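Working notes, beginning with the structure itself.
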Amino acid sequence: MKKTQAALAVESELALKAALALVELIPSDVPLAVRGVEADDLAPTGAGVVANVVGAVSAELVVVVGETVDRALGGAGGASVSLADALRPSLQAASDSFGEGVLSDVRIAPDASDLLVVPGTHLFALTVADEVQGWFAVRIKQAPAPAASAPEAKPAEEKNIRPMDLTNMSTMRMLYDVEMTLTAEIGRAKLPVRQVLELVPGAVIELDRVAGSPADLMVNGRLIARGEVVVVDEDYGLRVTEIVDLGQAGL
């Protein structure tokens, strides 16, 4: 049966939420971003990791990663981690974005290119500075009816008392030596494109924080701590003054 425009819109929103959740936990030596596929993108090829989600939303997830993940896993202190195990936490995050459900059948597909072009598949490019580093595909098999109201988000307290997933904890321990990129952010500013194009050496941009405010420590775009900027042996450093609740941060 042909899907309605409303149903397709629901699926597109679910797929995008899954992609954004996935990139936050992919082991990568640089933070990854998500964008839609563009006409001049090369056709996805190579091995990938495939998983199925069964629940209120049932879907097939496919991840094809590139050199950024390979480099991160290669720097894991000699730890023997399969690609499927390395990507399981990020696939679990994508699955959790759908709501209640079970992630199962995580496996490696020697050639995932055919899975990425199945009709009805939502395909996203995983990028660094708009350069494609990998691919993520979501094929929704079952989704809530468009007229149904979206389930309310669970409060943080409820999330904290869920039973511990020992399998996921074991996988995370295997990733302890994988390097992740940390970024210190001292502030942000919004400028119209015209002003960005007119920037010249010597221009001063006013940030959204007062001098002396703590800087944010980010991992893959996710806040994990705050601290004071210091100088260590002529290099900048960050003295951590506050740790953000890692449970609420999704780590």
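Residue numbers (this note's numbering): -1 to 249.
Backbone N, C-alpha and C define an ideal beta-carbon position, used for all residues, glycine too.
Just so we're clear, the structure is a prediction, and the values are computed from it rather than from any experiment.
Q.
Using C-beta distances below 8 Å, list every residue in its chain close to Arg105, excluding the 5 sequence neighbours before and after it, in chain order.
A. Residue numbering aside, residue 105 sits at position 107 when the sequence shown is read from its first letter. For Arg105, where only same-chain residues beyond five positions count, the Cβ hits under 8 Å are Val47, Val48, Ala49 and Ala82.
Q: Round the Cβ separation of Ala262 and Asp39 to the nearest angstrom and send it over; I've been treating them as touching at under 8 Å.
A: The structure shown does not extend to residue 262, since the chain is modelled only from -1 to 249, so the question has no answer here.
(Q) According to DSSP, is Ala223 part of a helix, a strand, or is it coil? (A) Locating residue 223 in the sequence shown gives position 225, where the first residue counts as 1. Strand, per DSSP.
Q) What do you get for Val62, buried or exposed, if any count of 16 or more other CB atoms within 10 angstroms of its CB means buried? A) Start at 1 with the first residue of the sequence shown, and residue 62 comes out as number 64. Buried is the label assigned to Val62, since at least 16 other Cβ atoms lie within 10 Å of its Cβ.
(Q) Report the start-end ranges of each beta strand (DSSP E) in the region 66 to 145 that is 3 residues or longer and not cut off at the edges. (A) Runs of beta strand (DSSP E) with 3 or more residues, each lying fully within the region 66 to 145, are found at 99 to 107, 119 to 126 and 129 to 140, listed in chain order.
Q) When DSSP labels each residue in this structure, what does Val238 get in the three-state scheme? A) If you number the sequence shown from 1, residue 238 lands on position 240. In the structure shown, Val238 sits in a strand (DSSP, three-state: E or B).
(Q) Less than 8 Å separating the Cβ of Glu196 from some heavy atom of the ligand MN? (A) What this structure holds is no ligand at all, so the ligand MN is not there to describe.
**Q.** Segment contact, 8 Å Cβ cut-off, at least three pairs: the region 124 to 144 with the region 7 to 26
**A.** Three or more Cβ pairs closer than 8 Å define a contact, and the region 124 to 144 meets that threshold against the region 7 to 26.
(Q) For Ile241, count the other beta carbons within 10 Å of its own beta carbon; 16 or more makes it buried, fewer makes it exposed. Which is it? (A) As a working note, residue 241 is residue 243 in the sequence shown. By the 16-neighbour rule on beta-carbons within 10 angstroms, Ile241 is exposed.
Q: In the DSSP assignment, find the beta strand (DSSP E) that holds Glu204 and state where it starts and stops.
A: Within the sequence shown, the letter at position 206 stands for residue 204. The continuous stretches of beta strand (DSSP E) do not include Glu204, and DSSP gives it neither H nor E.
(Q) Let me make sure I understand the geometry here. Which of Asp94, Pro199 and Glu204 has the alpha-carbon closest to that of Ala17? (A) Mapped onto the sequence shown, residue 17 falls at position 19. Of Asp94, Pro199 and Glu204, the residue nearest in Cα terms is Asp94.
Q | Straight-line Cα distance separating Leu6 from Val116 | A | The sequence position of residue 116 within the sequence shown is 118, counting from 1. The sequence position of residue 6 within the sequence shown is 8, counting from 1. Between the C-alpha atoms of Val116 and Leu6 there is a straight-line separation of about 15 Å.
(Q) Residues in the same chain with beta-carbon distance under 8 Å from Val191, minus the five sequence neighbours each way, listed in chain order, please. (A) What you label residue 191 is simply residue 193 of the sequence shown in a count that begins at 1. In its chain, beyond the 5 residues on either side, no residue has a beta carbon closer than 8 Å to the beta carbon of Val191.
**Q.** Local conformation of Ser56 per DSSP, three classes
**A.** Locating residue 56 in the sequence shown gives position 58, where the first residue counts as 1. Judged by DSSP in its simplified three-state form, Ser56 adopts strand.
Q: Could you check how far apart the C-beta atoms of Pro29 and Gly219 are, in whole angstroms? I think they sit under 8 Å.
A: Residue 29 sits at position 31 when you count from the first residue of the sequence shown. Residue 219 sits at position 221 when you count from the first residue of the sequence shown. Between Pro29 and Gly219 a beta carbon distance of about 5 Å is seen, short of the 8 Å cut, so the two are scored as contacting.
Q | Local Cβ density within 10 Å of Val312, reported as buried at 16 or more and exposed below that | A | Any property of residue 312 remains undetermined from this structure, which presents the chain solely from -1 to 249.
Q: Take Leu180 as the anchor and find which of Val198, Ser111, Ile203 and Met216 has the nearest alpha-carbon.
A: As a working note, residue 180 is residue 182 in the sequence shown. With distances taken between Cα atoms, Leu180 lies closest to Met216.
Q: Tell me whether Leu189 sits in a helix, a strand or coil according to DSSP, three-state version.
A: For the purposes of this step, residue 189 is taken as residue 191 along the sequence shown, with counting starting at 1. Note: Leu189 maps to coil in three-state DSSP.
Q.
Tell me the DSSP secondary structure of Leu197 in three-state form.
A. As a working mapping, residue 197 is identified with position 199 in the sequence shown. Residue state for Leu197 is assigned as coil, using DSSP reduced to three classes.
Q) Do you know offhand how far Tyr234's Cα is from Ser102's? A) Here residue 234 refers to the residue found at position 236 when the sequence shown is read from its first residue. Here residue 102 refers to the residue found at position 104 when the sequence shown is read from its first residue. When the Cα atoms are used, Tyr234 and Ser102 turn out to be separated by approximately 44 Å.
Q: Mark Pro199 as exposed unless 16 or more other C-beta atoms lie within 10 angstroms of its C-beta, in which case mark it buried.
A: If you number the sequence shown from 1, residue 199 lands on position 201. With fewer than 16 other Cβ atoms inside 10 Å of its own Cβ, Pro199 counts as exposed.
Q.
Considering just the uninterrupted stretch of the alpha helix (DSSP H) at Leu6, what are its terminal residues?
A. Locating residue 6 in the sequence shown gives position 8, counting from the first residue. Segment Gln3 to Val21, the alpha helix (DSSP H) holding Leu6.
Q: Return helix, strand or coil for Gly64, following the three-state DSSP convention.
A: Residue 64 sits at position 66 when you count from the first residue of the sequence shown. In the structure shown, Gly64 sits in coil (DSSP, three-state: anything other than H, G, I, E or B).
Q: Confirm, please, whether the CB-CB distance from Ala110 to Gly44 is below 9 Å.
A: One-based indexing of the sequence shown puts residue 44 at position 46. One-based indexing of the sequence shown puts residue 110 at position 112. Pairing Gly44 with Ala110 gives a Cβ-Cβ distance under 9 Å.
**Q.** N- and C-terminal bounds of the beta strand (DSSP E) containing Thr181
**A.** Here residue 181 is taken as the residue at index 183 of the sequence shown, counted from 1. Residue range Leu180 to Glu183 is occupied by the beta strand (DSSP E) that includes Thr181.
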